[in-house]
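Trainee:
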Amino acid sequence: PNPHLSGILRSRYKAKPEITILENAISDAPGELDLFVPRYRGFVYDGLASLDKTSASEWLNADSVAGFDHAKLSIEQHKVKIITLDSLDLQPDVVKIDVQGYELQVVKGGAKTFTRSQPVTIIETPNSSVVSLLADYGLHPFRYHAGRLRRGDTSGLNTVFLGSRDQGRFKAFIDAGN
3 PNPHLSGILR SRYKAKPEIT ILENAISDAP GELDLFVPRY RGFVYDGLAS
53 LDKTSASEWL NADSVAGFDH AKLSIEQHKV KIITLDSLDL QPDVVKIDVQ
103 GYELQVVKGG AKTFTRSQPV TIIETPNSSV VSLLADYGLH PFRYHAGRLR
153 RGDTSGLNTV FLGSRDQGRF KAFIDAGN
């Protein structure tokens, strides 16, 4: 939903009518919220943007940046339209969720999509509520490590959630002991 990034994408893909750029955030209910984008020493950290101001403000700190100077941190604020994943009426094969603390809202707003399509779903850092809700939708967590999928492992970054169809498809990569 970052207007700067969506503008770059629209420009890059303007000659490709099959590609649609939506300048929306995904959550559990439609509406409008503020998107908070951190800027430090003039550099925009768009990958750390969040609908949660605290999350956007706290990613950059003395623990993550050597010589951190809080006075050089600012937060840009943009109004963004919120939609649900279900409102798009998609049947995706893969869904990647990296939303800096809003994972649960995205998953709730995609209940029909996840249940119906059971896409391979990749979430950077799912909490136990997200894991539980996706399990209700038939998607179970795996961690990809050293060429294998380890069932139930949500440690590390980018947990992969698979439904029964994809567990069968990737059976050769799933650790037999888990």
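96 is the number that our numbering gives to position 94 of the sequence shown; each next residue is one higher, with no gaps.
We put the CB at the ideal spot given by N, CA and C, even for glycine.
(1) So for T86, helix, strand or coil by DSSP?
(2) Report the partner residues of G33 according to the DSSP bridge assignment.
(3) Would you grab the beta carbon distance between V162 and I124 for me? Rounded to a whole angstrom, and I think it's under 8 Å.
(4) May I ask you to report which of helix, strand or coil DSSP gives A27?
(5) Decide if the segment 99–111 is in contact with the segment 129–148; the criterion is three or more beta carbon pairs, one per stretch, under 8 Å apart.
(6) Assuming contact is defined by CB atoms lying nearer than 9 Å, are K55 and F38 in contact in what I supplied?
(7) Across which residues does DSSP place T123 in a beta bridge pair?
(8) Since P3 is in the alpha helix (DSSP H), which residue starts that stretch and which ends it?
(9) Across which residues does DSSP place Y146 in a beta bridge pair?
(10) Across the segment 32–47 and the segment 77–88, are there enough close Cβ pairs to call them in contact, namely three or more that are closer than 8 Å?
(11) Starting from the Cα of P5, find the closest Cα among D168, E20 and L24 and give me that residue.
Mentor: According to the data block:
(1) Three-state DSSP puts T86 in coil, outside helix and strand.
(2) Partner(s): I84.
(3) Indeed, because the Cβ distance is near 6 Å, the residues count as touching under 8 Å.
(4) In the three-state scheme derived from DSSP, where H, G and I count as helix and E and B as strand, A27 is classed as strand.
(5) Contact holds between the segment 99–111 and the segment 129–148, because three or more Cβ pairs, one in each stretch, are under 8 Å apart.
(6) Taking 9 Å as the cut-off, the Cβ atoms of K55 and F38 count as close.
(7) Beta-bridge partners assigned by DSSP to T123: V97 and F163.
(8) From DSSP, P3 is part of no alpha helix (DSSP H); its letter is neither H nor E.
(9) According to the DSSP secondary-structure assignment, Y146 is paired through a beta bridge with L151.
(10) Taking a cut-off of 8 Å for Cβ pairs, the segment 32–47 and the segment 77–88 touch, as three or more such pairs fall below it.
(11) Checked all of D168, E20 and L24; the closest Cα to P5 is L24.
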